[in-house]
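Sequential numbering of the sequence shown, starting at 1, is according to UniProt numbering.
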Amino acid sequence: MDNHFFLRDFSRNSQSEGLSDKSMNSLSVTKANHTIDAYESDWNDFCDWCRYHHQTSYPAQPETIVNYINDLADYAKASTIRRRISAISENYNASGDHVENPCRAWIVKEALIGLTRLKGTVQKGKTPIYWEEIEEMIHRMDLTSLQALRDRAVLLLGFMGAFRRSELAGLDVEDIRKYPQGIVVTIRHSKTDQTSAGQQIGIPYLSHSSMDCIHALQEWLTAAGITSGPLFRSFLKNGKVSSRRLSDKSINLIVKKYAASIGLNPEMYGAHSLRHGFATYAALQGVEERLIMKQTRHRSVEMVRRYINEADLFTNNPIDKIFNQPK
1 MDNHFFLRDF
11 SRNSQSEGLS
21 DKSMNSLSVT
31 KANHTIDAYE
41 SDWNDFCDWC
51 RYHHQTSYPA
61 QPETIVNYIN
71 DLADYAKAST
81 IRRRISAISE
91 NYNASGDHVE
101 NPCRAWIVKE
111 ALIGLTRLKG
121 TVQKGKTPIY
131 WEEIEEMIHR
141 MDLTSLQALR
151 DRAVLLLGFM
161 GAFRRSELAG
171 LDVEDIRKYP
181 QGIVVTIRHS
191 KTDQTSAGQQ
201 IGIPYLSHSS
211 MDCIHALQEW
221 LTAAGITSGP
231 LFRSFLKNGK
241 VSSRRLSDKS
251 INLIVKKYAA
261 SIGLNPEMYG
271 AHSLRHGFAT
281 YAALQGVEER
291 LIMKQTRHRS
301 VEMVRRYINE
311 ADLFTNNPID
321 KIFNQPK
């Protein structure tokens, strides 16, 4: 197995040689299919993390597991972290190889205990920005300004493409291809595409040109005189557009600036608010999980389901069903 996921194939377990076929069959159904699917998703998430950090997932060192735990703590709940480590441990148990299970190491157990004691609850990510809030931000912009034209394009493209800030900052003009239906944006380097095979995002035209991402993008490029190279750029002191790429930190500051412009607390918002906002807003509109994942390019369903659960607080709220039903 290339991904070293063993839980679906109990026959690989070297300790099962003395078991009858009937016994093997009973062992193979000890976990439901949806449980195996969840474990495989968790294992794949760990493998993706290892590839990104140039670590080995199988065999893995206990220190690798500890580092993975602490990275998960940036966005995942304590229960999610424990389940992920349990999935990794179960997969090692099912391997049948003489490879030590790194999850059994004392530093991994201490890391889980320490994380709970120090943090209590895991830190929450940035607050999502919804479509109506982006509309208000753009309504307040002075679109005679070159900087405002750029910032409008950043907000709309960041939201529509559900981009990570590094992906948005890394885009070139050559990464965008126009079609009658809209544009296709190619991400050449991404957190979940370590082989640089490229990921493509489709963004269709909108009927309202003031909020149309493609229209805003073209206005920015035309006004700035950009025909190739970095898509979003910084400005020189004289106000002219530079040749330098806008940094991901600058994109973060742009989001904070416009959050503050409509009375939101900028400390609660950042570049990730656009990606988070798209996923949650899509869930509020009843878009199915599969389609949300297609646009956000999440490899694991865990984060997408978190966004859906946030939206579900309102879409399936008893107060709404009691008081906001049509008469």
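No residue lacks a Cβ here, since even glycine has one placed at the ideal position from N, Cα and C. All values reported here derive from a predicted model rather than from experimental measurement.
Inclusion of V108 and P59 in the CB contact set at 7 Å is not warranted, their separation being larger than that value. Taking the Cα positions, A76 is about 35 Å away from R244. Bounds of any beta strand (DSSP E) do not take in S273; it lies within the alpha helix (DSSP H) bounded by H272 to L284. Here G158 has L168 and L274 as same chain residues with Cβ atoms under 6 Å from its own Cβ, once five neighbours each way along the sequence are excluded.
For K178, the secondary structure class from DSSP, reduced to helix, strand or coil, is strand.
By the neighbour-count criterion, in which a residue is buried when 16 or more other Cβ atoms sit within 10 angstroms of its Cβ, D151 is buried. The segment 234 to 250 makes no contact with the segment 178 to 188, as fewer than three CB pairs between them are under 8 Å. The criterion of a C-beta distance shorter than 7 Å is not satisfied by N70 and L7.
Shortest Cα-Cα distance from S86 to any of I36, H53, E289 and R305 involves I36. C-alpha of G161 to C-alpha of P204: approximately 10 Å in a straight line. DSSP places D142 outside both helix and strand once states are collapsed to three, so it counts as coil.
Taking 7 Å as the cut-off, the beta carbon of A73 is found no closer than this to the beta carbon of L112. The straight-line gap separating the alpha-carbon atoms of L291 and G263 is approximately 32 Å.
In the DSSP assignment, S261 falls within the alpha helix (DSSP H) that extends over D248 to S261. Per the DSSP secondary-structure output, P204 pairs in a beta bridge with G182.
Your pair R165 and H298 does not check out as a contact, with CB atoms roughly 16 Å apart and the cut at 8 Å. Note that the C-beta distance between C50 and S41 is not below 7 Å.
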